[in-house]
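Enquirer: Using the numbering used here, the letters of the sequence shown map in sequence onto residues 442 to 579.
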Amino acid sequence: MPRWERKVLPPNHKDHRRELNDWIKGSLPQGLSFPKVTAFWGNAGHGIGGHYHPRQWELYFGLSGNGTMALYEPGRWGEDNGPQSDVFEFEKGVWVLIPPGVRHELRFKTDTILQIASTIPEFDPKDLVVESMNIFFK
442 MPRWERKVLP PNHKDHRREL NDWIKGSLPQ GLSFPKVTAF WGNAGHGIGG HYHPRQWELY
502 FGLSGNGTMA LYEPGRWGED NGPQSDVFEF EKGVWVLIPP GVRHELRFKT DTILQIASTI
562 PEFDPKDLVV ESMNIFFK
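1) Assess contact between the stretch 534-544 and the stretch 492-509, defined as three or more Cβ pairs (one per stretch) separated by less than 8 Å. Is contact present?
2) Just the C-alpha distance for phenylalanine 529 and alanine 511, rounded to the nearest angstrom, thanks.
3) Report all residues from its chain with a CB closer than 7 Å to the CB of asparagine 522; omit the five preceding and five following residues, and keep chain order.
4) DSSP three-state call for aspartate 456: helix, strand or coil?
5) In angstroms with no decimal places, state the Cα-to-Cα distance between tyrosine 493 and histidine 457.
6) Can you give me the C-alpha to C-alpha distance between glycine 542 and lysine 455, rounded to a whole angstrom?
7) Closer than 8 Å by C-beta to glycine 488: which residues in its own chain qualify, once you throw out the five before and the five after it? Chain order, please.
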């Protein structure tokens with residue numbers, strides 16, 4: 442299974458009127474597509490608790506606001522700053538592709554709007570494993 446991937450995507454086009462960003466086109470591993478895109482509004486001081494999906498891929502893209510995201514390889518849950526973890530600032534333009542089995546959590550520093558392209562397979566509540574709501578962000 443590949444590790445997660447993250448990058449900052451600059452706009453494809455930007456002028457005084459608008460900013461355009463094709464954040465799925467050309468960015469996914471071959472054969473990967475997403476059947477659904479969800480807008481997500483996160484409230485400052487809150488977050489998405491520690492969890493993973495055994496079969497599902499997720500793609501997060503920051504539209505506004507900022508926070509901290511933590512990603513952990515299987516078996517490395519809560520071991521921040523190790524070689525198999527990634528803790529970083531999540532903000533506008535940050536793109537994160539999360540494969541199945543990668544534990545992740547997100548804490549919102551400001552009110553935040555995300556686009557979550559999910560999932561392959563499409564989200565199934567039985568494919569959500571919540572281990573704790575406060576692993577990294579205590």
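Every residue gets a Cβ at the ideal spot worked out from N, C-alpha and C, and that includes glycine.
Expert: Taking the coordinates as given:
1) The stretch 534-544 is in contact with the stretch 492-509.
2) So the alpha carbons of these two residues sit roughly 7 Å apart.
3) In this prediction, asparagine 522 has a pLDDT of 48, which is less than 50 and means its spatial position is unreliable; what the coordinates show is noted afterwards. Beyond the five residues adjoining it in sequence on each side, asparagine 522 comes within less than 7 Å, by CB distance, of Val528 in the same chain, given in chain order.
4) In this structure, aspartate 456 counts as coil in the three-state DSSP scheme.
5) The straight-line gap from Cα to Cα measures roughly 40 Å.
6) Distance between the alpha carbons of glycine 542 and lysine 455 is about 36 Å.
7) So the qualifying residues of the chain are Gly508, Glu546, Leu547, Arg548, Phe549, Phe578.
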